[in-house]
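Take a look at the structure below.
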Amino acid sequence: MNTHKIGLVGAGNIGGWLAQLLINENLGTVVLYDKAPGLAEGKALDLTQSLAIVGRGGAISGSDDASCLEGADILVVTAGLARQPGMSREDLLDKNVNIFCDLAQDIKKYAPEAIIIVVTNPLDLMVWVMQRLTGFPAERVVGMAGILDSGRFRLFLSSFLDICPSDIQTMVLGGHGDLMVPLLRYTTIQGIPLKEWLKIHHMDMSALEPLVARTRQGGAELVSLLKRGSAYAGPAASCLEMVRAVLRDEQRVFPCAAMLRGEYGCHDIYAGVPVVLGRTGVKRVISLELTSDEQEAFQQSAQRVQELTLSVEPLLATRSV
639 MNTHKIGLVG
649 AGNIGGWLAQ
659 LLINENLGTV
669 VLYDKAPGLA
679 EGKALDLTQS
689 LAIVGRGGAI
699 SGSDDASCLE
709 GADILVVTAG
719 LARQPGMSRE
729 DLLDKNVNIF
739 CDLAQDIKKY
749 APEAIIIVVT
759 NPLDLMVWVM
769 QRLTGFPAER
779 VVGMAGILDS
789 GRFRLFLSSF
799 LDICPSDIQT
809 MVLGGHGDLM
819 VPLLRYTTIQ
829 GIPLKEWLKI
839 HHMDMSALEP
849 LVARTRQGGA
859 ELVSLLKRGS
869 AYAGPAASCL
879 EMVRAVLRDE
889 QRVFPCAAML
899 RGEYGCHDIY
909 AGVPVVLGRT
919 GVKRVISLEL
929 TSDEQEAFQQ
939 SAQRVQELTL
949 SVEPLLATRS
959 V
């Protein structure tokens, strides 16, 4: 019998979609938590009824009381304001930091041993905020972004090259924003380096520049199209991959927002890098050898994250552990 307890903090679009994915995977008991009265309970009830209709079982509940998270093995935090058209991820900063200040206390009280996956934007900063406020080991607090960004880049590449997305292996590093760094040099198609693939098909690397640009604006593109709210199916699917890797101790290699302690020339910030993800969280950060241009691009992305981090340190100084 599966005894894992999965807490979803925030019952908005991502939380609701992820709850359904988790039930379908039978990864454990799912608990939705949201401070908005009735929201989490209503979504949980709706999902339970859908299971009855298709003749499936599954344990899911919802509550506006944080005590429902007690004993959770893993938490996925999506709570916070979502982007609206014309907003950057950084525009969400002040309000979402304040939300986390209260939320972190509940997590420390009810789920002190949990692995935390943060999805709230601005992503790289909010993972750092959660780790600072809870005082949890950095290995147990990780951010979801790189899987989503890499998936978008893989999709755009597959469409351009007219091949199956699952045959493409690629990775996007850096902060989750318009300075993210898609690594073309490390991209392969069933083991064939992308550069060699393009050469075989008489194509130039410069033809991929629009795809890189679209990947960097992937979130903004969806916000513009949706008008109200932001992406949710893609982020939920990305979280599912991470939750599965943790609960099943799969030792998966993913690009995630992880604490850097000298890797890639960065210290004490979270940024998207390849990691090994398993039952205890981030097992290790993988340090790739970057060209001077790639390293410069990564540093520019990390510098943006560093600036945001410095901007909230005074606020957290009075509220952290």
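Counting in our numbering, the sequence shown runs from 639 upward without gaps. Backbone N, C-alpha and C define an ideal beta-carbon position, used for all residues, glycine too. Since the structure is predicted, the reported quantities are computational estimates derived from the model, not experimental observations.
Residues in the same chain with beta-carbon distance under 7 Å from residue i, minus the five sequence neighbours each way, listed in chain order, please.
i, result
"ALA682", "LEU670, ILE698, SER699, GLY700"
"LEU776", "Looking at the sequence itself, residue 776 is Ala, so the reference to Leu does not match. GLN769, MET897."
"GLN855", "ASP816"
"ARG917", "VAL884, ASP887"
"MET843", "LEU822, LYS833, LEU836"
"ALA704", "TYR671, ASP744, TYR748"
"THR686", "ILE698"
"LEU793", "PRO803"
Note down, in chain order, each residue of its chain lying with its Cβ closer than 6 Å to the Cβ of residue i, except the 5 sequence neighbours on either side.
i, result
"LEU1009", "No answer is possible for residue 1009: the residues shown for the chain start at 639 and end at 959."
"GLN944", "ILE907"
"GLY579", "Any question about residue 579 goes unanswered here, given that the chain covers just 639 to 959."
"PRO820", "PHE791, VAL810, VAL850, THR853"
Output needed for residue i: all residues of its chain with C-beta closer than 8 Å, excluding positions within five of it in sequence on either side, in chain order.
i, result
"VAL950", "LEU731, VAL735, LEU763, VAL767"
"PRO675", "ASP702"
"VAL913", "VAL780, VAL891, PHE892, PRO893, CYS894, ALA896, VAL920, LYS921, ARG922, VAL923, ILE924"
Let's see if you can read the secondary structure: which residues bound the beta strand (DSSP E) around residue i?
i, result
"SER925", "Where SER925 is concerned, there is no enclosing beta strand (DSSP E), given that its DSSP letter is neither H nor E."
"CYS894", "890–899"
"TYR617", "The first residue shown for the chain is 639 and the last is 959, placing residue 617 beyond what the model contains."
"VAL757", "That residue, VAL757, is in no beta strand (DSSP E); it is neither H nor E in DSSP."
"ASP906", "905–916"
"ILE698", "698–701"
"ILE644", "643–647"
"THR667", "667–671"
Could you tell me which of the options sits nearest to residue i, measuring between CA atoms?
i, options, result
"GLY813", "ILE644, ALA935, PRO952, ASN662", "ALA935"
"SER796", "VAL757, GLY903, GLU901, LEU846", "LEU846"
"GLN828", "VAL714, MET843, GLN807", "GLN807"
"ALA711", "ILE691, THR758, LYS733, LEU665", "Reading off the sequence shown, one finds Asp at residue 711, where the question assumed Ala. The residue with the shortest Cα to Cα distance from ASP711 is LEU665."
"GLU751", "LEU761, VAL765, THR772, PRO760", "THR772"
"GLY696", "THR641, PHE791, SER788", "THR641"
"THR667", "LEU677, CYS706, LYS673", "CYS706"
"GLY709", "GLY693, ASP672, GLY910, LYS747", "LYS747"
"LEU926", "GLN937, TYR902, VAL756", "TYR902"
"THR853", "ASP805, ARG790, PRO912, ILE838", "ARG790"
"MET841", "LEU685, GLY900, LEU799", "LEU799"
"ASN651", "GLN941, ALA869, ASP729", "ALA869"
"VAL765", "PHE794, LEU953, THR947, ALA955", "THR947"
"ALA720", "GLY867, GLY648, ILE755", "GLY867"
Quick check on the DSSP output: the alpha helix (DSSP H) that includes residue i runs from which residue to which?
i, result
"GLY653", "651–663"
"ILE745", "731–748"
"LYS681", "677–692"
"LEU954", "930–955"
Exercise for review: Inspect the CB distances between the segment 737–751 and the segment 782–789 and report whether three or more fall short of 8 Å.
Suggested key: No, because fewer than three Cβ pairs between the segment 737–751 and the segment 782–789 fall closer than 8 Å, the two stretches do not touch.
Check your understanding: Given 8 Å as the limit, is there contact between the segment 652–660 and the segment 862–881, that is, 3 or more CB pairs closer than that?
Key -> At 8 Å Cβ cutoff, the stretches touch.
Check your understanding: Which runs of the alpha helix (DSSP H) spanning at least 4 residues fall entirely within the segment 821–881, listed in chain order?
Key -> Note on the segment 821–881: whole alpha helix (DSSP H) runs with a minimum of 4 residues are 832–838, 847–854, 856–864, in chain order.
Practice item. Just list the beta strand (DSSP E) runs in the segment 772–808, keeping only unbroken ones of 3 residues or longer that don't cross its boundaries, in chain order. Key: Taking 3 residues as the minimum length, the beta strand (DSSP E) runs contained wholly in the segment 772–808 are 779–781, in order along the chain.
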